[in-house]
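First comes the structure, then the notes that go with it.
In full-length UniProt numbering, the protein residues as written are 1 to 197.
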């Protein structure tokens, strides 16, 4: 049975929203919210500026939507790390590869921008505060302790070790332009030495 016109229109509507969001996350990640205009997002998406306003009332609304989605995705990744196959070491290695994967670069940079900029909408700041970095790290502590018991990870305070590890990953992602295109997701074992014996 062929989809109805209403279903086709809804599918086109969703495709257009995704097209705008994909373009917007890239522009926001590079230019920040202050340096971004809806016309830039529309140009990146290959649509007219007027059409972009049919889907999002303002760049602030679009920015908040992207922050909400990025934070929910990041939180889900940390919540589900223990369900990944393998030992605690292998699970954290996989999480790290996923974090450093090129496809996750723009959402991460957007979150970083929202975390440090005073110019982002208050609603975006509230979303960031709701999904704190501390809470993300704390989700990894039981897995890390299990890995310590198995002898996979070094001894020491799990929170401090994981905080240091995540700080290095954050720093690498922020250094994107200075690393000559280095893809750290291919060299995760170098990073894992921070946590292992």
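Just so you know, even glycine gets a beta-carbon here, dropped at the ideal spot from N, CA and C.
Computed from a prediction, not measured in an experiment: that's the story for all the values here.
What is the DSSP secondary structure of residue i, counted as helix, strand or coil?
i: residue 94; result: helix
i: residue 238; result: Here the chain covers residues 1 to 197 and nothing more, so residue 238 does not appear.
i: residue 153; result: strand
i: residue 177; result: Unreliable positioning characterises residue 177 in this predicted model, as indicated by a pLDDT of 49, which lies under 50. The coordinate reading is nonetheless provided below. Note: residue 177 maps to helix in three-state DSSP.
i: residue 196; result: strand
i: residue 20; result: helix
i: residue 138; result: helix
So is residue i buried or exposed if we call it buried at 16+ other beta carbons inside 10 Å?
i: residue 91; result: buried
i: residue 88; result: buried
i: residue 174; result: exposed
Give the straight-line distance between the Cα atoms of residue i and residue j, rounded to the nearest whole angstrom.
i: residue 28; j: residue 21; result: 10 Å
i: residue 10; j: residue 23; result: 20 Å
i: residue 192; j: residue 123; result: 35 Å
i: residue 46; j: residue 136; result: 36 Å
i: residue 36; j: residue 146; result: 45 Å
i: residue 40; j: residue 103; result: 21 Å
i: residue 18; j: residue 186; result: 28 Å
For residue i, which residues in the same chain have their Cβ closer than 6 Å to its Cβ, ignoring the five residues on either side in sequence?
i: residue 172; result: 184
i: residue 120; result: 33 and 114
Please return the same chain residues whose Cβ sits closer than 7 Å to the Cβ of residue i, not counting the five positions on each side in sequence.
i: residue 54; result: none
i: residue 93; result: 188 and 192
Near residue i, what residues of its chain come up, given a Cβ to Cβ distance below 8 Å and the 5 sequence neighbours on each side ignored?
i: residue 125; result: 114
i: residue 143; result: 81, 82, 88, 91 and 92
(message) Tell me whether the region 98–117 and the region 51–71 touch, counting them as touching only if at least three CB pairs, one residue from each stretch, are closer than 8 Å.
(response) yes
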